[in-house]
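Chemist:
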Amino acid sequence: MDEDEKMNPTDVKKADSKAEMWKKILEIERFFKEADVDGGGSLDVDEFSSAMRPFYPDHNEEQLIALHMQIDANCDGGVDFGELLQFNMSKLLAEERFNFDRRLFPLASQIVKTNHYNKIVKFAVRPLEDVPVDTNPQTGLQEYVEEEYISVASDGVLTFWSNRFKEKSVTSISNTPNALPFEHKRRIHVTDMVYMKEREEVAIATTGRDLRFYIWAPGMLIMKYAIVTHGGRMTALSYWSDVAFEEIKQENYNCARISTLLQESTREYLAFKVPLFDTIVTIIKYFPFLEKLAVCSISGHKLILLTIPRSNTDKIDKIIYATPRTSKSFLCVEHCFKTQDLVTGGVDGVLRTWHTYKPNCKFEMQAHDEPITYVLDNPENNVVVCIHDDQTVCVWSLQSRNCLQKVKQEEDIGSGLISAVYYGLQNNELIMANTEIGILLGRGTDLFKEMLSSHTKPVCGAIYHNIFRQVISVCQKGIATVWDVNTGKTVMQFNVSPFQLIASTAIALNDTQRKIITVCNEGRVRFWNFNNGQELEVLPVTVPMVISGIISTEEMVFLSSKETNFIYCLDMEGLEPKYMEHPLMEGGVTSMSSYPHDSWLVSASGNGIVLVWDMESLQTIYCINEHQSPKIHKVIHKDFMGQISTLPIEKTTHFLDNYERIPVPKRLLDVKTDKLEPKHFYKNPLVHCLKSRIIQFDLATVLVADGGFVSAWSGTAKGGLLAKFKAIEDEGTKIMCIDTDPNDQILMIGDINGFVHVWNIEQFGKIILDSDAPAEEIDHWKVNLTPPPFLQSWKAHMGAITSFTCNPSCENFVTTGFDCNVNLWTNKQHRVGTFGKDQWEVHELHPDWQEKHQAMELEMAESLLGFESSDSRKWQLEDVKSGKLAEFEAKLNQTDEFVKNWKQRQNYYETETEQEVEEGCEEESHHEESPGFRALQRSEVSRSSFPAPLCSSQTDDDTAEICDEELVPALNQSSIRIRSLERRSSL
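One gets the numbering used here by counting positions in the sequence shown from 1 and adding 24 to each.
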């Protein structure tokens, strides 16, 4: 077998895994056929659970039901063998392909406006300070290194950037000091630029047949010298060095001719000329590890790898990589350090890897059809980044040969190809340019962590799925993300908007909780499998773009919009779609809720009127108008039961994949915006049904939030307004969302300022015969004004809250807001974390975990600092909050002062010893470096630097036994734990 055909260990491991997987699939197929008793070709929940239990012994019944829903790709309620096979085969690549939390560039690109009218040709980059990069041992993140940049356009315009492209100054090459002797004003066209770090110089090539070298001074380039050619123009540059340059002294001239340099070689420089192509050279790159130079031409069908001679007599070895002239496979080239392969991109959009010692292609990969113009290696993450003609960025793993991420610029950085790229591996920052600049900041730095959020745009809403213990959220850009509640990790992410314009996107679960329903700016109602991001169905109707409510039943989907006075009734059985209208509905339908026990649909309109509809007959039953009467009016007259009309059916149904080449409609371009404000999401009044309560005249089943008040209404003809209270005291604060827990005992409200308010409404809305209770009598109708018990309120987001939900036990809350975040909380106001930014353990979800963790840290701090035992001195959380933490601060300060003095004394003796060695005092210096002497010197540290327990228990003899390995780690550990305790207690 040829060496190239031998399988490496990774391939062998994959082959073994596949063999095991196929063996498991055959076993599952056998059990599948046995379980399919009726021979229908699919397994329902009961059949699936009995057949799969031997393969998943650790799963309980609820987990098997969740697994059935996860495998059921088309969400038809049954699992066929094809779905089961696809699910198991996808596990081979799931860990790497679907690991959304390890995407290299999860942040949206930042667009920087420039003064360039022509395309930017190249970037020159240097750090502001040459300092070592510090990595935080706790977070594993390194400090972001500030850099300064020069961008040069093809017309010679130079822009100096700093502070991450927030500050700039502009000049031109023609304005640089110390011009050439023969210089005269002419039109300049820049072809390339490189920065020489060791010399702090910038080299710029132009079509003027000279290579100019400039000193990079603050805000300007100063001309130093030039190399002049006699024939061809310089079209590509490459620079690399591993040694410091020595200044070349030049007498009486500031330019050199390349013909002279080719004839004269010194120990300071070597010039050589190699004929390679008969066309223009577009790429020249030096790869230090290979010690070879890669050169490509404009034809794109040939790549030459050649060695660098060390003298004029050395032979230049060449390896020629070639493909058919029509293929153009070599538009760009890079050397992959981890795999030691050459990687090239071509016109066909195919990424190819090549051997470095012979011109053979190892394998090909493709995830995008457009030509690849740049290939960049990231050895730290073992990936390759390629950039396509349409400004799409793809991240590839050469090990698994999978495309791990595909990033499309949210906004074009100029028409045409990307003309300049800089990839800063130190910050993992990708900078691309045309006439504008786009920045992608990747993982790895503290700045990235600070900028990270759940979504790149404000969140429209979120829903909680109790079976999967997942949260599904969607942002204004139409990106839906599925989060794991137990860990905070991303499970799935997919796009539900065809044009990805900024708009309001509505989201809801269907009645079986197997699908999600979305409506975005193009007015299509779409059904999705949120487990795999597959689009299942598109209803053949067009509805308004801004949806205020979605109610799903087994047979119908009801939609409402603030833009119309209609309620859309979309039949799931294939019947004609309808819409309901009512003469009392004005100002748009602001919200909807349902009471499934009696097939009620409750709607609220902008004029404050609430209507109760029968979802079977589609007629109005009751009318609530608090402005006129506190009683519920039963609709008897036929004219006020509502009118039903038929919607036109669209002839064609467009799935999302069909929109890739469809231009954006003009009606959407007319309302195009960068961000929607909270006023677009504000809905007043809001209505919510208490589904767990039974309908009776003295028990409220409908809550209405209007103008800062929350009203409780009973749902019978003899009922009416039972209770009312002021939920928001500030007149300028608006209620954005309202919800209750599944048992309707907790009321949750989110306001426009980002605050969450929670009440106990278990007894709210019940008639209480208490003469002392505050009440209001309206038209001989008594309304209870006693507010429900207020539980808590806290700042949850740095902007308006758009949705609020909780798990069935009401132990955890999920909030979404205009700060682009989805936050998870306990019912004791402890923030567990932000989805997409933080990760956590399942035990941290418990409301008492914070207090238990603090008590554990207190006990550990007592032990480390020598406090009295917990049996004789109990530290409760209330004691900490009331000031006991001050004692810990005092001990901490003493500990830090001791460590500081101890280190200073240690550094003093080390310095003193080094000086004595230099003076020749070898014997005495040997004595001072002995362990016994150093321990004795440490004992001379002032006893006041010790914490009191340590000071009282140690003698001079004991101190001599202290060693570095035991003392400092213990003190540092106690200091870290107490600081953590102080920070959490203050929060």
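Just so it is clear, CB atoms sit at the ideal spot from N, CA and C, and this is done for glycine as well.
Only counting the same chain, and skipping five residues up and downstream in sequence, which positions put a Cβ closer than 7 Å to that of I668?
Modeler: For I668, where only same-chain residues beyond five positions count, the Cβ hits under 7 Å are K602, M604 and L642.
Chemist: According to the Cβ coordinates, are A148 and V226 closer than 8 Å?
Modeler: Taking 8 Å as the Cβ cut-off, A148 and V226 qualify as a contacting pair.
Chemist: Can you tell me whether F554 is helix, strand or coil according to DSSP?
Modeler: Note: F554 maps to coil in three-state DSSP.
Chemist: Using the rule of at least 16 other Cβ atoms within 10 Å of the residue's Cβ for burial, across every protein chain shown, is Q652 buried or exposed?
Modeler: The residue in question, Q652, is exposed, as its Cβ has fewer than 16 Cβ neighbours within 10 Å.
Chemist: Could you have a look at G106 and say whether DSSP puts it in helix, strand or coil?
Modeler: Three-state result, G106: helix.
Chemist: Taking three-plus beta-carbon pairs below 8 Å as touching, is the segment 497 to 504 in contact with the segment 454 to 474?
Modeler: No: fewer than three Cβ pairs fall under 8 Å.
Chemist: For T159 and L165, I'd like the C-alpha separation in whole angstroms.
Modeler: Distance between the alpha carbons of T159 and L165 is about 5 Å.
Chemist: Can you check whether the CB of L594 is closer than 8 Å to the CB of V543?
Modeler: Cβ distance not < 8 Å, so V543 and L594 don't count as in contact.
Chemist: For K690, report the span of its beta strand (DSSP E) as first-last.
Modeler: Per DSSP, K690 belongs to no beta strand (DSSP E); it is in the alpha helix (DSSP H), K690 to L693.
Chemist: By the three-class DSSP mapping on this structure, what secondary structure does P832 have?
Modeler: Looking at P832 - three-state DSSP - the assignment turns out to be coil, as it is neither helix nor strand.
Chemist: Report, in whole angstroms, the separation of the C-beta atoms of Y619 and C713, which I expect to be a contact under 8 Å.
Modeler: The Cβ separation is near 4 Å, so the contact holds.
Chemist: I'd like the list of long-range same chain contacts for H606, defined as Cβ closer than 7 Å, with 5 residues on each side in sequence excluded.
Modeler: Here the set comprises L635, T644 and G666.
Chemist: By the three-class DSSP mapping on this structure, what secondary structure does V549 have?
Modeler: In this structure, V549 counts as strand in the three-state DSSP scheme.
Chemist: S323 lies in the alpha helix (DSSP H); which residues open and close that run?
Modeler: First-last for S323: undefined, no H or E at that position.
Chemist: Do F828 and F842 come within 8 Å of each other at the CB atom, strictly closer than that value?
Modeler: Going by C-beta atoms, F842 is not nearer than 8 Å to F828.
Chemist: Under three-state DSSP, which class holds A75?
Modeler: It is helical.
Chemist: Do you know offhand how far T840's Cα is from K861's?
Modeler: So the alpha carbons of these two residues sit roughly 14 Å apart.
Chemist: Could you tell me how far apart the beta carbons of A724 and A747 are, in whole angstroms, since I believe they sit closer than 8 Å?
Modeler: Indeed, because the Cβ distance is near 7 Å, the residues count as touching under 8 Å.
Chemist: Could you have a look at K876 and say whether DSSP puts it in helix, strand or coil?
Modeler: The answer is helix: DSSP assigns K876 an H, G or I state.
Chemist: Inspect the beta-carbon positions of V218 and A177 and report whether they are closer than 8 Å.
Modeler: Against a cut-off of 8 Å, the Cβ pair of A177 and V218 comes out as no contact.
Chemist: Which of the three DSSP states, helix, strand or coil, is assigned to I591?
Modeler: Of the three classes helix, strand and coil, the one that applies to I591 here is strand, per DSSP.
Chemist: Could you check if V61 is buried or exposed, using at least 16 other CB atoms within 10 Å of its CB as the buried criterion?
Modeler: Exposed: under 16 other Cβ atoms inside 10 Å.
Chemist: For S669, list the residues DSSP reports as bridge partners.
Modeler: Answer is Y603.
Chemist: Which residues mark the beginning and the end of the alpha helix (DSSP H) in which S175 is found?
Modeler: Counting along the chain, S175 falls outside any alpha helix (DSSP H), though it belongs to the beta strand (DSSP E) covering E171 to A177.
Chemist: Put H651 into one of helix, strand or coil per three-state DSSP.
Modeler: Coil.
Chemist: Would you call the CB atoms of I673 and V565 closer than 8 Å?
Modeler: It is a contact, given that the beta carbons lie within the stated cut-off.
Chemist: Do K430 and H392 have their beta-carbon atoms positioned less than 8 Å apart in this structure?
Modeler: Yes.
Chemist: Helix, strand or coil: which one does DSSP assign to F111?
Modeler: F111: helix per DSSP, three-state reduction.
Chemist: Hey, out of D266, N553 and N589, whose CA is closest to I531's CA?
Modeler: Selected option, being the one with the closest Cα: N553.
Chemist: Is it the case that the Cβ atoms of A280 and L286 are separated by a distance below 8 Å?
Modeler: In this structure, L286 does not lie closer than 8 Å to A280 by Cβ.
Chemist: Per DSSP, what kind of secondary structure is A90 in: helix, strand or coil?
Modeler: Looking at A90 - three-state DSSP - the assignment turns out to be helix.
Chemist: A747 by DSSP, collapsed to three states: which one?
Modeler: Looking at A747 - three-state DSSP - the assignment turns out to be strand.
Chemist: Counting pairs of beta carbons, one from the segment 776 to 787 and one from the segment 750 to 763, are three or more of them closer than 8 Å?
Modeler: Yes: at least three Cβ pairs fall under 8 Å.
Chemist: So, helix, strand or coil for A1097, using DSSP?
Modeler: In the structure as shown, the chain starts at 25 and stops at 1011, and residue 1097 therefore has no counterpart that could be examined.
Chemist: So what's I437 in DSSP terms, helix, strand or just coil?
Modeler: In the structure shown, I437 sits in coil (DSSP, three-state: anything other than H, G, I, E or B).
Chemist: Under the three-state reduction of DSSP, which class applies to E271: helix, strand or coil?
Modeler: Low per-residue confidence applies at E271: pLDDT is 48, beneath 50, and the placement is therefore not dependable enough to give any value.
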